[in-house]
Amino acid sequence: MATPTDPLRRALLAGLSALPLLASAHGPQGHTTHPRAAALPPEQKPWGIAGDPARVRRTIEIRMGDDMRFRPNRLTVREGETLRLRAVNRGRVMHEIVIGTPEELAAHAELMKKHPGMEHDEPHMAHVPPGQRGDIVWHFNRPGDFAFACLIAGHFEAGMVGRIRVEPAAQEKTP
């Protein structure tokens, strides 16, 4: 049974509530922030939770281009780290970076092909117009292998995908 936090259900409800705004959602300004989004508490995801900017200890710049590639396209993070992922769009078209599991990103990419004007704004995504940059501050509190991708229709399919490995925090040795 679906719960209110079920990702597909949330995406569908957000899409339905935003029907009047769909025409402008992926315009030159990128995705727009829904007024209620700022009031929602951070949601734990399998790959972590929205981070506190005051706890950022390092920033990783991820460059995006019209060759449909991220540079770098592989990141290694330690469980417990809060990072700023700075997405820099060096291309001439809109790009975005969305963190998730490979399965969730593939499902979201399919949804974006069906509804290219879908409005959404989550702390694990940044929508970056040409020549601009966007930041994601994320607390990686779960170990595992995750991904990031550009889900604009056609970009994901062209290979605009990267990998994130979150290594487990060092275990204290007991005598």
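Under my numbering, the sequence shown has 1267 at position 84, and the numbering climbs by one with no breaks. Beta carbons: idealized from backbone N, C-alpha and C, even for Gly.
Whole-angstrom distance between residue j and residue i, CA atom to CA atom
i	j	result
P1218	D1304	Summary for P1218: the model assigns pLDDT 45, below 50, so the residue's position carries little reliability; its value from the coordinates is reported in the next sentence. Rounded to whole angstroms, P1218 to D1304 spans 10 Å at the Cα level.
I1282	I1243	14 Å
M1277	R1241	26 Å
L1258	G1327	12 Å
E1340	A1352	33 Å
R1269	E1350	21 Å
P1225	G1317	19 Å
A1237	G1274	30 Å
P1313	N1256	19 Å
G1345	A1332	6 Å
For residue i, the three-state DSSP class (helix, strand or coil)
i	result
E1350	strand
N1254	Before going on, a small fix: residue 1254 reads as Arg here, not Asn. If DSSP states are grouped into helix, strand and coil, R1254 belongs with the strands.
M1343	coil
H1307	coil
R1238	helix
L1266	strand
H1360	Nothing can be reported for residue 1360: it is not among the residues displayed for the chain, which extend from 1184 to 1358.
Selection from the options that minimises the alpha carbon distance to residue i
i	options	result
G1337	V1311, P1312, L1294	L1294
DSSP beta-bridge partners of residue i
i	result
A1332	V1281, V1344
heavy atom of the ligand ZN below 7 Å from residue i C-beta
i	result
L1334	Absent from the structure shown: the ligand ZN. Ligands present: none.
Using 8 Å as the cut-off, can you tell me whether the stretch 1287 to 1304 makes contact with the stretch 1249 to 1267, which would need three or more C-beta pairs spanning the two stretches below that distance?
no
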